[in-house]
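Here the structure comes first, spelled out in structure tokens, and everything after it is commentary.
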Amino acid sequence: MLRRRPSLLIRPELDDEPLHRTLRELRPSGQLHGLGAGGTRPVWEPAAHLLRATGRDWDRRAHRVSVLARSLPAVVAQRWAADRPGDGDALVLRACVETIRAPAEGHAAVRAAERTCLRAAEACPEDPTPWLALLSLMYSCAVPVKDAVPVWTEAVRRAPWHRTAHHRLLEYLSPRGHGTVPDMMDFAWQAAARAPHGSPVALLPVAARVELTAHRQGESRFAALGASGDWNEPRAVQEIGVALEGWFHSAAAAHAEAVTDLNVLAFALTRAHLPDEAAPVFRRIGRHMTRHPWDLLPDPERTFVYWRDRLTAQHGN
Numbered sequence: 012m013l014r015r016r017p018s019l020l021i022r023p024e025l026d027d028e029p030l031h032r033t034l035r036e037l038r039p040s041g042q043l044h045g046l047g048a049g050g051t052r053p054v055w056e057p058a059a060h061l062l063r064a065t066g067r068d069w070d071r072r073a074h075r076v077s078v079l080a081r082s083l084p085a086v087v088a089q090r091w092a093a094d095r096p097g098d099g100d101a102l103v104l105r106a107c108v109e110t111i112r113a114p115a116e117g118h119a120a121v122r123a124a125e126r127t128c129l130r131a132a133e134a135c136p137e138d139p140t141p142w143l144a145l146l147s148l149m150y151s152c153a154v155p156v157k158d159a160v161p162v163w164t165e166a167v168r169r170a171p172w173h174r175t176a177h178h179r180l181l182e183y184l185s186p187r188g189h190g191t192v193p194d195m196m197d198f199a200w201q202a203a204a205r206a207p208h209g210s211p212v213a214l215l216p217v218a219a220r221v222e223l224t225a226h227r228q229g230e231s232r233f234a235a236l237g238a239s240g241d242w243n244e245p246r247a248v249q250e251i252g253v254a255l256e257g258w259f260h261s262a263a264a265a266h267a268e269a270v271t272d273l274n275v276l277a278f279a280l281t282r283a284h285l286p287d288e289a290a291p292v293f294r295r296i297g298r299h300m301t302r303h304p305w306d307l308l309p310d311p312e313r314t315f316v317y318w319r320d321r322l323t324a325q326h327g328n
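Residue 118 in this note's numbering sits at position 107 of the sequence shown, and the numbers go up by one each step.
Structure representation (structure tokens):
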């Protein structure tokens with residue numbers, strides 16, 4: 012009898028099991044409809060426990076707050092902030108929720124979200140997360156890059172090699188954001204060159220090249236035809252080598268969004284026709300596919316499974 016391969020795990024929480032359990036507890040239920048009325052504990056308590064346990068792991072905190080803000084009913088953050096007005100964790104989560112929703116709600120909502128970000132930053136002075144929330148708000152409102160950089164600087168002053176902070180500014184500087192291809196690539200190269208050994212920032216030029224591919228595919232059909240050639244450039248191979256040696260092969264502990272970075276690296280290695288190097292990356296990914304960057308290819312899930320199964324079978328353990 013043929014054994015069925017386990018299904019892919021494509022989820023915003025990635026491989027963060029405590030976050031996964033918290034989301035399952037907090038997703039819409041009868042308790043949330045009544046704002047916790049009649050319950051034995053506040054509706055927001057699982058989120059509070061999770062963020063308290065996260066401590067000063069700023070990369071993981073940013074990841075968890077971002078996923079909670081996008082996945083939960085807004086009532087959770089609203090109720091928590093109302094019940095505990097001086098709670099820094101509550102303010103940070105509410106700031107992230109407001110920055111996601113405000114741009115569609117108008118100028119007054121944007122100004123209110125900005126104030127909530129600054130209140131959260133005051134309540135949690137060592138935490139870069141409120142500044143990243145403010146940076147996201149500025150991105151959504153198309154604030155010029157020159158005005159956004161000081162906000163990014165506040166985040167990295169608190170956590171110099173913060174993975175999410177660097178990717179947020181990369182998105183800002185991209186031609187699909189509010190920058191240009193030279194802006195984006197120069198920032199990525201300079202950041203990777205200065206990053207300490209083991210830092211996921213070493214992957215930033217590879218992420219920038221993926222963003223370049225997405226930009227060219229969005230420009231025109233003719234530009235898309237040339238996008239695959241970007242991966243055969245000597246500079247691209249050099250960038251991938253820096254990511255492999257500077258991060259993947261290091262002994263650094265896995266960071267919160269390592270699954271995302273592994274998928275980017277595996278995608279790049281398949282585009283650059285480096286199967287020997289791709290196989291161990293796919294083995295580490297396992298079932299944890301991310302939609303991007305595989306969504307740049309036809310039939311993303313089938314393509315991911317094809318490369319993973321083919322390369323891991325060919326190259327063994």
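A virtual CB, placed ideally from N, CA and C, is assigned to each residue, including glycine.
Here threonine 175 really is in contact with alanine 73; their C-beta atoms are around 4 angstroms apart, less than 8 angstroms. It is roughly 21 angstroms from the alpha-carbon of leucine 280 to the alpha-carbon of leucine 25. Around the C-beta of valine 76, 16 or more other C-beta atoms lie within 10 Å, and the residue is accordingly described as buried. Around the beta carbon of histidine 208, a 10 Å sphere encloses fewer than 16 other beta carbons of the protein chains shown; the residue is thus reported as exposed.
Residue state for aspartate 241 is assigned as helix, using DSSP reduced to three classes. Every alpha helix (DSSP H) stretch that sits fully inside the segment 36-97 and reaches 4 residues is listed by chain position as 41-44, 56-65, 69-82, 85-94. Residue state for valine 154 is assigned as coil, using DSSP reduced to three classes. Remark: C-beta atoms of proline 139 and alanine 170 approach each other more closely than 7 angstroms. Here valine 253 is not near alanine 290, since their CB atoms are 7 angstroms or more apart.
In the DSSP assignment, isoleucine 21 falls outside any alpha helix (DSSP H), carrying neither H nor E. Per DSSP, reduced to three states, the secondary structure at cysteine 135 is coil, with no helix or strand assignment. About 7 angstroms separates the beta carbons of proline 155 and histidine 189, which is inside the 8 angstroms limit, making them a contact pair.
Counted as a single uninterrupted DSSP element, the alpha helix (DSSP H) harbouring histidine 178 occupies residues 174-184. Look at the beta carbons and you see the segment 219-228 touching the segment 268-284: at least three pairs across the two are nearer than 8 angstroms. By the CB criterion at 7 angstroms, alanine 88 and isoleucine 111 fall outside the cutoff. Closest in C-alpha terms to tryptophan 305, from the list Pro286, Phe278, Arg321, comes Phe278. In its chain, beyond the 5 residues on either side, Arg174, Trp258, His266, Asp272 have a beta carbon closer than 6 angstroms to the beta carbon of proline 211. Residue Asp98 holds the alpha-carbon nearest to the alpha-carbon of alanine 132 among Ala120, Gly117, Asp98, His177. With a cutoff of 7 angstroms on beta-carbon distance, threonine 127 and alanine 153 are scored as not near each other.
If the five residues before and after leucine 180 are omitted, its C-beta is found closer than 7 angstroms to the C-beta atoms of Trp163, Phe198, all from its own chain and listed in chain order. Annotated three-state conformation of glycine 252 is helix, per DSSP. Scanning Leu83, Asp287, Asp27, Pro216 for the CA closest to the CA of valine 54 turns up Leu83. Taking leucine 145 as the centre and dropping the five residues before and after it, the same chain places the C-beta of Cys128, Val162 closer than 6 angstroms to its C-beta, in chain order.
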